[in-house]
Amino acid sequence: MPIQRREFIAAIGTGALATTAGCAQSGESSGQTEAETEAESGGGGQPGVAGETLTLTTTTSTYDTGLLDEIHPDFEDMYGVSVDAVAQGTGAALESARNGDSDIVMVHARGLEDEFMRNGYGVNRRDLMFNDFVIVGPEDDPAGIQGMGSATEALTTIAESEAQFVSRGDNSGTHTKELNLWEAAGTEPGGDWYQETGTGMGEALNVANQQGAYTLSDRGTYISQRSEIDLVILVQGPIEDGPEILANPYGIMAVNPSVHDNANYDLAMAYIGWITSPGTQDAIANYQVNGEQLFFPEAVSEDPNFQQYVPEGWSSDSDE
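Numbering-wise, the UniProt record's numbering puts 135 at position 135 of the sequence shown, and it's gapless, one number per residue.
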């Protein structure tokens with residue numbers, strides 16, 4: 001039985017998801033910019049940004065699943081702007097922002113996000129949504145990992161049997177998670193059985209499918225491609241009662257205009273206000289592929305998690 005969204009959010013430390021947030025809709029919450037308030041209230045007018053383009057660097061999963069194509073027309077129509085969504089692995093998306101080549105970043109590797117924030121490149125980070133990771137492979141499952149309750153045990157078993165494994169190898173959020181799992185398993189992958197593709201998730205799934213190999217995938221991209229490949233889910237993530245270590249939360253950050261004065265901060269903040277508003281969070285929840293929900297919103301909650309705004313472990317009385 002799938003775990004409930006409320007339980008999963010609590011499990012990853014964000015609090016229960018709520019369907020109402022009057023302050024977010026009315027713009028009464030403190031600290032909002034005018035552009036963010038406009039976005040969350042539905043605005044009326046196009047405040048000083050009409051005709052501009054917002055450059056968003058994002059993970060391949062948000063792009064390949066079709067989510068952004070589904071929700072972006074609402075934002076573009078509301079503000080009379082366009083969104084240029086550049087799909088890259090998380091590491092590349094953050095590097096583009098670090099170089100001043102984007103206005104806003106939507107990624108899913110909290111450790112890399114924290115580094116980006118600590119170094120002053122990002123501001124106003126928000127928790128956005130989540131899904132989870134799954135280990136997929138051929139139906140005949142040569143390593144015998146099907147149904148394992150431990151992702152690290154599954155990877156250790158794959159390594160010991162030297163069954164074919166495809167890694168993205170691209171410093172993406174998924175690749176970062178994979179490396180963390182190998183480290184937690186106490187196993188260093190390598191050898192003829194381990195192949196790094198240096199590609200996005202969709203292509204990595206295709207390669208794994210062609211080779212009858214295992215791979216780690218975010219659930220959303222797997223679902224969006226499932227009808228085109230023969231791979232099956234062998235180890236579930238927490239959405240289907242699998243281990244919490246496979247949780248996959250997404251965050252969004254504006255590029256710091258004090259570092260890159262070409263960053264379109266006003267439009268980036270309007271976008272953050274819009275995508276974290278109840279209406280767009282509902283649109284994310286309602287987006288389906290092949291009858292299945294791909295992403296679960298978590299920006300609006302009854303008990304907001306302060307830690308989302310700052311690097312994990314930071315506090316006001318920190319020595320750092």
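Even for Gly, the Cβ is constructed at its ideal location relative to N, Cα and C.
Close beta carbons around residue i, own chain, < 6 angstroms, minus the five adjacent residues each side
i	result
Gly-212	Pro-138
Gly-242	Gln-236
Thr-176	Ala-109
Ala-263	Asp-103, Val-255 and Pro-257
Gln-164	Trp-193, Gln-211 and Ala-213
Ser-96	Thr-57 and Ser-102
Ser-161	Ala-143
Gln-195	Val-166
Pro-268	Contrary to the premise, residue 268 reads as Ala rather than Pro in this sequence. Result list for Ala-268: Asp-103, Ile-104 and Ala-254, in chain order.
C-alpha gap between residue i and residue j, whole angstroms
i	j	result
Gln-307	Gly-251	12 angstroms
His-108	Arg-98	16 angstroms
Ser-30	Asn-256	The predicted position of Ser-30 is uncertain, since its pLDDT is 37 and thus under 50; a value taken from the coordinates is nonetheless stated next. One C-alpha to the other measures close to 20 angstroms.
Gly-149	Asp-261	48 angstroms
Thr-199	Asp-170	6 angstroms
Ser-82	Ala-254	17 angstroms
Gly-120	Pro-142	47 angstroms
Ser-277	Gly-190	44 angstroms
Thr-197	Met-78	39 angstroms
Leu-179	Ser-172	10 angstroms
Leu-112	Gly-122	11 angstroms
Thr-215	Ala-299	29 angstroms
Met-117	Thr-90	14 angstroms
Phe-295	Asp-230	23 angstroms
Ala-270	Val-310	20 angstroms
Val-289	Asn-124	31 angstroms
Ile-145	Ile-158	8 angstroms
Asp-266	Glu-240	39 angstroms
Glu-228	Asp-69	21 angstroms
Glu-105	Met-129	The amino acid at residue 105 is misidentified as Glu; the sequence shows Val. Each residue's alpha carbon lies about 14 angstroms from the other.
Asn-209	Gly-66	21 angstroms
Pro-73	Asp-140	42 angstroms
Cβ separation of residue i and residue j, assumed to be a contact under 8 angstroms, to the nearest whole Å
i	j	result
Ala-93	Thr-53	Actually they do not touch by this definition, with Cβ atoms about 17 angstroms apart.
Arg-110	Pro-249	7 angstroms
Asp-127	Pro-238	Not a contact, Cβ separation roughly 16 angstroms.
Val-166	Val-232	15 angstroms between Cβ atoms; not a contact.
Glu-312	Asp-114	6 angstroms
Sequence-distant residues of the same chain with beta carbon closer than 8 angstroms to residue i, five excluded per side
i	result
Gly-80	Gln-46, Val-49, Ala-50 and Gly-51
Ile-71	Ile-275, Thr-280, Ala-283, Ile-284 and Tyr-287
Asp-101	Thr-55 and Thr-57
Beta-bridge partners of residue i, as assigned by DSSP
i	result
Ile-104	Leu-56 and Ala-254
Pro-297	Met-129
Glu-76	Glu-76 pairs with nothing; no bridge assigned.
Glu-312	Glu-312 pairs with nothing; no bridge assigned.
residue 322	No statement about residue 322 is possible, as the shown extent of the chain runs from 1 to 320 and does not include it.
Gln-195	Val-166
Ser-82	Thr-53
Ala-87	Thr-58
Residues of its chain near residue i, where Cβ-Cβ distance is below 7 angstroms and the 5 sequence neighbours each way are ignored
i	result
Gly-147	none
Tyr-63	Ala-85 and Ala-87
Leu-155	Leu-181, Trp-182, Ala-185 and Thr-187
Met-201	Thr-60, Ser-61, Asp-64, Arg-168, Thr-174, Ser-217, Asp-218 and Thr-221
Ala-151	Ile-135, Leu-181, Val-235, Pro-243, Ile-245 and Leu-246
Val-259	Gly-120 and Tyr-121
Gln-225	Gly-202 and Leu-205
Phe-75	Val-83, Tyr-271 and Trp-274
Ile-223	Val-289, Asn-290, Glu-292 and Leu-294
Residue i CB to nearest heavy atom of the ligand NAD below 7 angstroms
i	result
Ser-61	The model on display carries no ligand, and the ligand NAD is accordingly not part of it.
Open item on the list: Please give the ranges of any beta strand (DSSP E) in the stretch 115 to 147, keeping only runs that are unbroken, at least 3 residues long and fully inside the region.
Closed with: List check, beta strand (DSSP E) in window: 122 to 137.
Task: Ordered list of alpha helix (DSSP H) runs contained in the stretch 50 to 74, each at least 4 residues - done: The stretch 50 to 74 contains these whole alpha helix (DSSP H) runs: 60 to 64.
TODO: Output the residue ranges of the beta strand (DSSP E) runs that lie fully inside the stretch 205 to 269 and measure 3 residues or longer, sorted by chain position.
DONE: With a minimum length of 3 residues, the unbroken runs of beta strand (DSSP E) contained wholly in the stretch 205 to 269 fall at 214 to 218, 232 to 235 and 247 to 255.
- [ ] Ignoring anything shorter than 4 residues or poking outside the stretch 148 to 182, list the alpha helix (DSSP H) runs there in chain order.
- [x] As far as the stretch 148 to 182 is concerned, its whole alpha helix (DSSP H) runs of at least 4 residues are 151 to 161.
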